[in-house]
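Numbers 1 to 236, taken from the numbering used here, label the letters of the sequence shown in order.
The beta carbon of each residue, even a glycine, is placed where N, CA and C say it ideally should be.
Everything below concerns the one structure shown next.
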Amino acid sequence: MEYPRERRAYEWARAAAFPTIRRARHRDHRAVGQAADALTQSLVQATGARTLGFWGSPGFRNVATKTKEVKNVADLKGLKVRVIQTPTYVRTFELLGASPTPMAFGEVYTSVKTGVLDGLEHDAPTLASSKMYEVTKYLARTEHLYGVCFITANARKIDSLPADLKKALDESAREACGYMFDIAAQKEEDGLKILRDKGMVISTFDKPPAVERVKGYWKEYADKVGAEDILAKILA
Numbered sequence: 001m002e003y004p005r006e007r008r009a010y011e012w013a014r015a016a017a018f019p020t021i022r023r024a025r026h027r028d029h030r031a032v033g034q035a036a037d038a039l040t041q042s043l044v045q046a047t048g049a050r051t052l053g054f055w056g057s058p059g060f061r062n063v064a065t066k067t068k069e070v071k072n073v074a075d076l077k078g079l080k081v082r083v084i085q086t087p088t089y090v091r092t093f094e095l096l097g098a099s100p101t102p103m104a105f106g107e108v109y110t111s112v113k114t115g116v117l118d119g120l121e122h123d124a125p126t127l128a129s130s131k132m133y134e135v136t137k138y139l140a141r142t143e144h145l146y147g148v149c150f151i152t153a154n155a156r157k158i159d160s161l162p163a164d165l166k167k168a169l170d171e172s173a174r175e176a177c178g179y180m181f182d183i184a185a186q187k188e189e190d191g192l193k194i195l196r197d198k199g200m201v202i203s204t205f206d207k208p209p210a211v212e213r214v215k216g217y218w219k220e221y222a223d224k225v226g227a228e229d230i231l232a233k234i235l236a
């Protein structure tokens, strides 16, 4: 399947968060930066957009469940887990043996409470702020995905700005994104503390078998959307 160039640019951006590629946070920052650099020229060529900056989500995404504690891949088998409706998320949980269930986030709380879902995956701050601790009991530190956000703008519009405004735009975007990266680790710890204080049981997760299940998908996905160079930079 050949993607339209706008769609390909979107998928290149998604490739900056391949499943289960776990790094220390300073390496996450470096790897995402390398991917962003590779992405910038691709975006300009494909869509006329330019990347002004990037930041990571406030923590890695984990799995929260209502009645079953998850400690390994076998525990995920058959669980109805809410995921974002994108190929990366859906395929990841298929490969891990779960039953991925795309659903609007606003419907998730009630769906878990009533048993339509067994759980969901998200970062700890979001689970805490949405009070998912009221309907889930267990949190598995799967750390299966790390979301990446980009600030983009029309390249021609940026180039048409006076030099002083271009400089101010660039500096403010980088400052804002740097701040978001700087506070991410603390945001994650704060979120985990809230979940723990609210009574959730937080478990470690046996990651190596999960990596074995999904790592073939990294190359498959990269080949599909033309993101081989981005994957190579992340794995370097």
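For Gly147, the three-state secondary structure derived from DSSP is coil. Taking 4 residues as the shortest admissible run, the region 112-136 contains the following complete alpha helix (DSSP H) segments, listed from N- to C-terminal end: 124-129. By the Cβ criterion, the region 149-168 is not in contact with the region 93-109, since fewer than three pairs of Cβ atoms, one from each stretch, lie closer than 8 Å. Secondary structure note for Ser172: its alpha helix (DSSP H) is the uninterrupted segment 163-197.
One Cα belongs to Ala74, the other to His144, and the distance between them is close to 15 Å. Considering only Ser130, Thr47, Phe60, Gly115, the residue with the shortest C-alpha distance to Arg141 is Phe60. Using a Cβ-Cβ distance cut-off of 8 Å, the region 106-115 and the region 157-173 are not in contact, since fewer than three pairs of beta carbons, one from each stretch, lie closer than that value. Collapsing the DSSP output to three states places Phe205 in coil. When DSSP states are grouped into helix, strand and coil, Gly106 belongs to the helix group. If you draw a straight line from the Cα of Lys207 to the Cα of Asn72, it is about 7 Å long.
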